[in-house]
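Residue numbers (the numbering used here), protein chains in the order written: chain A, 5 to 620; chain B, 6 to 1069. Beta carbons are placed, not taken as given, at the ideal position from N, Cα and C, and that holds for glycine. Worksheet: one structure, shown below.
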Amino acid sequence: MKKIQKIAFLLSVITVTTMVLTACKKDWLDPKPLSIYVPENTLVDIPGFKSALASISNNLKQEWYGDGAPNITEQIFSDENVEGTDDKTGPAQNLDQLIKPDANLNSVDFNKIGYFWDRQYVSIRAANTIITRVKAPAAAGISDSAKNVILGQAYFFRAYSYYRLVHQFGDVPCPIKEVTSPKTDFITVKREVILKRMQQDLEFAVKWVPWTTDKGDINRAACYHQLAKIYLALGLFDEAITATSAVINQGSYKLMTARFGVDAGITTKNVTWDLHRPDNKAAAANTEVLYLVTDRFGAPSAFSGGIQTMRNGTPFLSVGAPNLVTPSGKAGVAATQGGGLEFDNMALYGRGIGRCRITSYYYREIWDDVNDQRHDTISGNWMYPENVRYSNPALKGTDTAYGLRLRLYGPTGTLLCQDTLRDWFPWPHYKLYIPDLTNNPMRGGATDWYVFRLAETYLLRAEAYVWKGDMGSAVADVNAVRTRAKCAPYLASKMSIGAILDERARELYFEEPRKTELTRIAYIFAKTGLPYNGKTYTVANFSTSNFMVDRILEKNVFYAKNFVTAHGDVFRISQYHVLWPIPQSAILANTDGHINQNQGYSGASSNVPPSEVIPE
Amino acid sequence: MKKSPHAYGHAPTRGISRMICLLLFLSLSALTAWSQTTSTITGKVTDSKNAPLEGVSIQIKGTKRGVTSGTGGNFSFPNVPANATLVFSYTGFADKEVAAKAGTPVNISLTEVATGLNDVVVVGYGTSTKKDLTGSVAQVKATQLENENPRSVQDILRGNAPGLDVAFDGSTKGSGGAMQIRGKGSLTASTNPLVVLDGVIYPGGLEDINPNDIATIDVLKDASAAAVFGSRGSNGIILISTKRGKVGKPIITVNANVGLNRVSAKPHLLTGPEFLDFRSDALWAINGFDSTSKPGVKYKFTDPNKLPPGMTVAQWLALDASTGDPTVAWMNRLKMKPIEISNYQAGKVLDWEKLIYEQNAIQQDYTVSVAQRKEDYNYYFSLGYLDNMGVTVGDRYKTLRARFNLESNVAKFLTIGINAQFAERDQSAIAVPLSDMLQTTPYGSIYTDDGKQLRLSPNDDPGNNTNPFIPQQYQDRMYKYDNFFANLYAKGKLPYGFSYEAHFAPTYNTLREYNHVDATHPVQSSQKGIVDRRNRTDFNWTTDLIMRWNGKFGKHSIEATFLANAEKNQYWDTRMHAENFAPNDNLGFNAPQSGTAPLNATNTEDRYVTRDALMGRVTYNYDQRYFLTATARRDGYSGFGEENRRAVFPSLSVAWALSEERFMKNTSKWLDYAKVRVSWGENGNSALDNPYQALATLGAGTYIYTTPSGATNNQVSVFSNNLANPELKWEKKIATNVGIDYSIFKGIVSGSFDYYDANTKDLLVSRTLPTITGFNSILANLGEVKNTGFEMSVTTQNMKRNNFEWRTTFSFWFNKNKIVHLYGATPDYDATGKQIGVSEKDDINNGWFIGHDISDQFNYNVVGVWQASEAAEAKKYGYKPGDFKLQDTNGDGSYTIADKVFMGQQTPKYSFNLRNEFRIYKNFDFAFTLYGKIGQIYQMNEAKNVDRFYDRANFYLRPYWTPSNPINDYAAINSNASGAVTWNYYRNASFVRLSNVSLGYNVPAATAKKWGMESIKAYFNVVNAAVFTGWNYFDPEYKGSDPNNPTNMAPVPIQFNFGLNVNL
């Protein structure tokens, strides 16, 4: 017995010792990230870097997609739109009251200023990681020319985001290297300094990035287009003309003038319609696109819930009584889609909620040519509420209005629509109509979306000519865009910055970042001292008197006349809104540095002069 | 040997080793005896239940001579003079004096005084008795709670262990109540205690342990007790011991329980006329009340049949040029939809509360077990089934749980055993969503006009509300979770006082989460069927090797324990998704391959975590008077940074049994026992949600390009998720504890006091980064949090008569939490950029402030509601009468961050438990338990009255401001609750809950025997019988799935149970 005990004892000691030794083996505790890539084994070869670049497009595309898409915030700080949701507190209508550093700046129900701050720095971080790592020893296997292409494409993304940031927020912090430790000592860098650095980067990019890449990837034309915007922002008008001309003259980019794509066989439609069909944007036949973001139904990268332009951008025509009633006072429209409705409005126009409410400037004042395809009701490009029919099935046989067109006023002049802000405005159907396989009722489904299109390249060059006073060259470029839409050409005498902005509105509604572009132009006015409507501006007083807010007060009747919504909120904007507030959370988290607040917002009193150099 | 009513675990091992010591001791005694000529007295000492007592001191009265009883309670006392009186004394038992008689064995039975000092307590990798403890441990005997029908481990612990906060969980599962021992020591890492089941670390869910199988639960609270678990001990340890067989014939126990869950603590949802009154008020509010620009707007929404004197229906109609039927005009003004108007006219009203709250939610819980203990083996086998219907229609939780414990003594040096459990949880039920219910009104219709098909939207307002019954009808779901956990072990005694123990404990879990949305689903029909299928398999194992050595030299007792441990946790998680089924989706989730849109079919996440540990512990005591425990543990964890995968955690504790000292003789009349404990130690916290956070990881996906020829090119995309932190390491908690255990008046009063002070350093913190970095935060080790607290518990035997016994247990504790440091001092600059000093900054974004409680809320203070007379003042701030009025702390006329103040903490300032047990006529057991948490605040943003569009939704009844009801604690309907700043509204959430009332009846043993049964008990209990609180919106404690988002609040049940417990 004792022997057995001793053996057992010895065995135990041996087991314990073995065990202890095994446990202490060095690789026992090595982490194994089984389903996750790490930078060390990914950002080392061309496929790795291409994957990292693709993710930046996926990041920046989110600006146009979803309920309360961030782009709406760009639109409501402009002449084209206001926030139309007037059934609650929160939407950015009274900007004086709601646009504050500590307010909710990143919410569907408020505004998306914070989205732009956060996500653009995410794009910048991703670009910086590529820029740092493509030069690192681990990437030594990549040829120099291939490295330069990767670098050029990463420079494009970084420049794209900084161009937006400096026009949204003015002077901002400017990291240009991969962040590898918890950095909290950022400082504010002067806007021009950032733009000049981005100019240099893009001048490198246009030497190396190829003219032809996959659609959705970055090509040289997109780099030139972005570079042209930065030249304009810096007042380098000749350089802007050279950069835009490089794209226009390259040969493979042409404005689409002939019918093409999925609906080409529908004779009642036209090329403007074709240009904005989801399936046509990246089509081989489309020679107008420089850079687009992609979103396809069922794909993993598809934005959940679709683009929702038919929710955000169209009027709230889905409610019956009391909002939309027939002349005899009955609920006018069906609230559902499908189910055998004779007039299935929502299958045609979606279930709009009038969030991005169009101003009279965009739906009426700028249209000066009856042949303009971009405002054409006959082909169905443009829609009025009056194009929609009384569809409530309960009306059938009980109300003669059934199936007739909606009316704003009854026979005795009574209003048949209670809330004209949300429920009653025309809209560019050709742009916002995105068939929706995801939502019922439709809200606008999956689609690609234009970021840079040749039409804008023309309008950028036209603008550069206007700044230089060369109205003859300017009008030629504007007419290139106008005549494609079947308008009569303008005369040179018509040219002005206002005319350029009107043409941009007609052509680029809901594509261009309207606030960014208005601020850029406001800076040029301030810098050049050129007059607008007889008034001149200075950089020093930018936040108290600027072109952007004057333009909004000139064209956007809601802000100009301080309209009051059904909810009792007043539309108000002030001069200092030319720059958005730096989110308070970013200032607070930056414990070891000082970030300036923009003039007009609380906290600006402790500003220090912005840095004249970018900290390396 | 010590008395061990729950004799299992490691006690026998120790007994055997002690026998060796005793043999040595006896041999020595025998040698001494040889030289003298008086008689030797032999005998045996037992407790009142005949279990032998080892270590009883036997002394000749009036002398200092004495011996100690050995194994089996036997003793032999040489050289005892004739007529001597022997005094038997043993801690926790009443002394007994017996006259020595030569030649006759003295068999003595000692009576325990009710102190619990001899209860076996599990201490992690071993056991102890309460009186040998040097650390702070609370024990809960589950068997004493049988009458209360606990449904989960949390139910057993809630209100029964001082210092342990167990949150209330109103869900059908009932096991979601988070547990927290001695306050929150971490900012972001988990604060859940470590669970150890039958001696090994348990990685499974607490819901898989059948509470009927539990014998005792021990809670290790201080650093020294928890130190044996090193890097995982900082949140304290919950040690669960399951039942074992008892000596005798096999016992079959049947526990059957049927109960009823009724909804309680819910605000009233409006129906019928009260709803119309509300809607009328809501539209009045939405239209800005009566003002100079809108005079008489109220009457526009007033029922035309209830117009004020002097107003005719014609005048009323003319307010907005309405014509025709005034009722229809009124309904139109109230924004009622056509279906609502016609239902109103037809007198049809829906009472959604009746439709959605289950009136007869039955709970059933059955457990059958068989147990026995024989010389060479003992076993316990059980099978349990629980079926619990929730208080909302469709909510149901079912689980089947089986347990098998077997231990066999193969040889003196080898005992083998297994503790195994299997559980299946069925969470497939689809409950009616309350959120949809709130969006409907009493005047909608559930069915379409044919009366059969569900209406897509009861109010025909599909963008706003969906029929709450649609998910049940159009969704098919399977959510089943299977858990298998086994602990296989071998243990035995080795020569020279050594003993060993080896455990191998595998856990195998599988989850099947399958969901099918039917192609005919009214909202999602365009997808033509949606299937999601998820399979997750977990496989974990732990292995422990324990060597122990016991020695006893005279009055010195030493025990040394050494542990080597390794652990691996892995899971493999696969999800697939399919849509657009062809030819149809009749095969449901069983055939995702029939989906024709499988582009994003698969998504996987696999994980792998390893740990190891070495631990040594030495306990020493001298004469049961002076105790010492020293522990050191070295831990390794793969989740930390390369530099810091291993760390060492030491601890030391001492105790002094004051009452055993001779100079305390005089107090022994009233003081049975007193012990002072002091402990110090370091523990760690390694509870990370994601074990890869030390690494910079990239998220992968795809993005679509189109080639120049127009073809789709699926481009892989990778995106960095986080910053790497190669220095990531354990949180370290350094804690000291001072405690007293006492028992006075022959056990009539007993209890303990503990004071502790714990500093957690190197906190695992999700540190906010400026978003300029492109990251929101990084996980880092920073800062320091201090918890200090006091705990007391007292048990009193208030009355002990023949037919009436009354016992009270009361515990009270508080914990003070304070952030001491966060990210260290950083420079301060003046306006010109010149450095003017350094200071440590708060993390305002995370809401962490140095010197404050972690849960202290920094926010705008609501000081009331802007009243009509203050309209002009309100306007300056962008508000109007009826909106909440915030405090303009610095009086600068606008609201900025400078106006924020500290509102209070979300954790209780004080907690207490009170339990009373009565035994009447020997057969009736009555008990009730109360617990309270005092001093905490919670968000109550519903008081802003803007949580829904109230021109379209229903309303949970609560006050609201109107010009004619100018209250100060609730805002107007649709009030402006945001504007330039966002804030939360808080209310005090203190409460006292009568958590359980139970009555049990034990059929007299003789009667039971007559019926052929060992014992029969019938019991009735009420769970969550009442809550006393000033909080008046759902339950003050149960905040649904997200405690910080009270909009998830759901009603909690009050449960009535009737049960039978039969032993065959």
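Residue from the options whose Cα sits closest to the Cα of residue i
i                       : options                                       : result
lysine 680 (chain B)    : B:Tyr1024, B:Asp746 and B:Leu339              : B:Asp746
alanine 287 (chain A)   : B:Ile346, B:Arg998, B:Asn718 and B:Phe558     : B:Asn718
glycine 389 (chain B)   : B:Ser157, B:Asp956 and B:Asn979               : B:Ser157
glutamate 243 (chain A) : A:His229, A:Gln254, A:Tyr563 and A:Ala150     : A:His229
alanine 466 (chain A)   : A:Ala503, A:Lys490 and A:Arg555               : A:Ala503
tyrosine 760 (chain B)  : B:Thr776, B:Thr741 and B:Pro832               : B:Thr741
tyrosine 479 (chain B)  : B:Gln426, B:Asn348, B:Gln144 and B:Leu459     : B:Leu459
glutamate 732 (chain B) : B:Thr712, B:Gly744, B:Gln698 and B:Thr711     : B:Gln698
tyrosine 501 (chain B)  : B:Trp554, B:Ala948 and B:Ile475               : B:Trp554
glycine 559 (chain B)   : B:Gln629, B:Tyr349 and B:Asn217               : B:Gln629
alanine 405 (chain A)   : A:Asn566, A:Gly239, A:Ser547 and A:Tyr394     : A:Tyr394
tyrosine 1038 (chain B) : B:Met1054, B:Phe1025, B:Ala1030 and B:Ala1023 : B:Met1054
As assigned by DSSP and simplified to three states, the class of residue i
i                        : result
glycine 77 (chain B)     : helix
tryptophan 685 (chain B) : strand
glutamine 41 (chain B)   : Because glutamine 41 (chain B) sits at a pLDDT of 46, beneath the cut-off of 50, its placement in the model cannot be relied upon, and the point is left open.
leucine 150 (chain B)    : helix
alanine 716 (chain B)    : coil
lysine 65 (chain A)      : helix
lysine 219 (chain A)     : strand
alanine 1031 (chain B)   : strand
Contact under 7 Å by Cβ, residue i with residue j
i                         : j                           : result
methionine 797 (chain B)  : phenylalanine 750 (chain B) : no
asparagine 611 (chain A)  : asparagine 594 (chain A)    : no
arginine 812 (chain B)    : glutamate 922 (chain B)     : yes
aspartate 858 (chain B)   : asparagine 822 (chain B)    : yes
glycine 129 (chain B)     : phenylalanine 654 (chain B) : no
leucine 436 (chain A)     : serine 82 (chain A)         : no
asparagine 75 (chain A)   : tryptophan 68 (chain A)     : yes
phenylalanine 4 (chain A) : glycine 70 (chain A)        : With chain A covering only 5 through 620, there is no way to say anything about residue 4 (chain A).
tyrosine 166 (chain A)    : isoleucine 198 (chain A)    : yes
Identity of the residues DSSP links to residue i by a beta bridge
i                         : result
alanine 820 (chain B)     : For clarity, residue 820 (chain B) is asparagine in the given sequence; the question names alanine instead. BP columns for asparagine 820 (chain B) point to B:Gly794.
tryptophan 1016 (chain B) : Answer is none; tryptophan 1016 (chain B) lacks a bridge partner.
arginine 457 (chain A)    : A:Val293
histidine 508 (chain B)   : B:Tyr494 and B:Asp549
cysteine 360 (chain A)    : A:Glu87
proline 432 (chain A)     : A:Trp386
isoleucine 739 (chain B)  : B:Glu687 and B:Asn764
lysine 805 (chain B)      : B:Glu810
Flag this pair as touching only if the region 650 to 662 of chain B and the region 225 to 236 of chain B have three or more C-beta atom pairs under 8 Å; answer yes or no. yes
For the 8 Å Cβ check, are there 3 or more pairs between the region 483 to 497 of chain B and the region 510 to 518 of chain B? yes
For the region 978 to 992 of chain B against the region 931 to 940 of chain B, are there 3 or more C-beta pairs whose distance is under 8 Å? no
Is it a yes or a no for the region 147 to 164 of chain A touching the region 53 to 67 of chain A, going by three-plus beta-carbon pairs under 8 Å? yes
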